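Worksheet for the structure shown next.
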Amino acid sequence: MPREIGSVLRIHQREGYRCLFDASAQSIRDVGAATKSLKGCQLGFFGVLHTWGRDPAVYHPHIHYVVPGGGVKLVVDIQAVGHGVPTLKYLAPYVHRVAINDSRILNVDAENVTYRIRREGNRIETKTVRGETFVENFLQHVLPTNFMKIRHYGWMSAGSKIKVEEVKWLVWIMLGWTFWLGSGYAPQAKPLTVPMKCRVCGGSIRVIKITYTSLSSLGIKPENGLTYFDSG
Numbered sequence: 036m037p038r039e040i041g042s043v044l045r046i047h048q049r050e051g052y053r054c055l056f057d058a059s060a061q062s063i064r065d066v067g068a069a070t071k072s073l074k075g076c077q078l079g080f081f082g083v084l085h086t087w088g089r090d091p092a093v094y095h096p097h098i099h100y101v102v103p104g105g106g107v108k109l110v111v112d113i114q115a116v117g118h119g120v121p122t123l124k125y126l127a128p129y130v131h132r133v134a135i136n137d138s139r140i141l142n143v144d145a146e147n148v149t150y151r152i153r154r155e156g157n158r159i160e161t162k163t164v165r166g167e168t169f170v171e172n173f174l175q176h177v178l179p180t181n182f183m184k185i186r187h188y189g190w191m192s193a194g195s196k197i198k199v200e201e202v203k204w205l206v207w208i209m210l211g212w213t214f215w216l217g218s219g220y221a222p223q224a225k226p227l228t229v230p231m232k233c234r235v236c237g238g239s240i241r242v243i244k245i246t247y248t249s250l251s252s253l254g255i256k257p258e259n260g261l262t263y264f265d266s267g
C-alpha cells in the first residue's frame, strides 16, 4: 500500500484491507490473462496480509502471495520457476506471528521500552521508545475482529468447482512426463559436449550405475569424485 494513503487505511482498516486484497488479487488475474501460456487457464493462489516491517513503529500494510507456476483448464500448464518450499518456509511464520516477539524486547522499565531491530544488510540495532509509543506502534498491527488475513483465490478457493485433488492429479501426470523425459528412455537430442574418454585405455565412458554406497568404506579412493563412471 502506498505510504501516502497509509493514514487513511489505518483509520478504515476493515474496508482498506479488503480493498487491498481485491485490487492485488485482480492484478494477479490480469497478469495471468495477459500471459500467452496461461490464456484460458484458471489461476489458483493465496495471500497473507502483513502490516509491519523490521520495526513495528513502521506501518506498512502489504500482502504476500503464493502463486503456483501454472493454471488449470482441460489440460494443465506448468512452468517451474524454482522450488516452492523456501517461499512457504518464509511465509508460514507470518500466519500467526505478531509485530514483535518477546525475544526482541531487551528492557522494560517504568517509562521506556528497548527492543532490537534488524536493518538492511543484516545489521542489528537497538531502539528505545516511550512505553505509550511502543503500545501505540504495536496496536496499529492488530487486525479488525474476525478479519481473514489469509485469502484463497481461483482453484484454491473453497467454492471452486476444481478440486485440489484434481490439480494434484494433473501435476502428478506432468511430473511423470518430466521424469520420463529426464530418465534417458525418451528420445534425446545429440549431446553438445564431446563424450568422456578413459585416461588409461582411451575408451568412451558411460554411466552404468549410480550408487550412494560410500566407496571409502570399501577401501576405494575415487579419482576426481567421478564415482559412477566406468569404461566399456
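Adding 35 to a residue's 1-based position in the sequence shown gives its number in our numbering.
Glycine included, each C-beta is placed from N, C-alpha and C at the ideal position.
Bear in mind that the values here come from a model prediction, so they are computed numbers and not experimental data.
DSSP state of residue i mapped onto helix, strand, coil
i, result
"L141", "strand"
"K232", "strand"
"K203", "helix"
"Q175", "coil"
"T168", "helix"
"I40", "helix"
"F56", "helix"
"G237", "coil"
"G267", "Confidence is the limiting factor: at G267 the pLDDT is only 35, short of 50, which leaves the residue's position unreliable, though a coordinate-based value still follows. G267: coil per DSSP, three-state reduction."
"P91", "coil"
"N147", "strand"
"I98", "strand"
"L78", "coil"
"K71", "helix"
"K162", "strand"
"R154", "strand"
"I185", "strand"
"V120", "helix"
"T66", "Note that residue 66 is Val in the sequence shown here, rather than Thr. Three-state DSSP puts V66 in a helix."
Pair within 8 Å by beta-carbon distance, residue i and residue j
i, j, result
"F56", "G189", "no"
"L126", "V93", "no"
"T163", "T149", "yes"
"I197", "V107", "yes"
"R89", "I152", "yes"
"A134", "W87", "yes"
"L78", "G67", "yes"
"P103", "Y52", "no"
Cβ-based neighbour list, residue i, same chain, cut-off 6 Å, excluding 5 preceding and 5 following
i, result
"S138", "none"
"S239", "P230"
"C54", "none"
Residue i burial status per 10 Å Cβ neighbour count (16 or more: buried)
i, result
"V202", "buried"
"A193", "exposed"
"I98", "buried"
"P128", "exposed"
"M183", "exposed"
"L123", "exposed"
"P91", "buried"
"G82", "buried"
"G237", "exposed"
"P37", "exposed"
"A60", "buried"
"Q114", "Interpretation of Q114 is limited by its pLDDT of 49, a score under 50 that renders its predicted location unreliable; the figure taken from the coordinates is listed afterwards. The residue in question, Q114, is exposed, as its Cβ has fewer than 16 Cβ neighbours within 10 Å."
Beta-carbon contacts of residue i that lie in its chain and below 7 Å, excluding the five residues immediately before and after
i, result
"V111", "Summary for V111: the model assigns pLDDT 45, below 50, so the residue's position carries little reliability; its value from the coordinates is reported in the next sentence. Closer than 7 Å at the Cβ level, and outside the excluded window around V111, lie G105, L205, V206 and M209."
"G166", "E146, N147 and V148"
"L44", "M36, G51 and P96"
Cβ neighbours of residue i in the same chain (closer than 8 Å, five flanking residues each side left out)
i, result
"T161", "L141, T149, Y150, R151 and I152"
"V199", "W190 and M191"
"P179", "Q48, R49 and Y52"
(request) May I ask you to verify whether the stretch 67–75 touches the stretch 169–176, counting CB pairs closer than 8 Å and requiring at least 3? (result) With a cut-off of 8 Å, the stretch 169–176 and the stretch 67–75 do not count as touching, because too few Cβ pairs lie within range.
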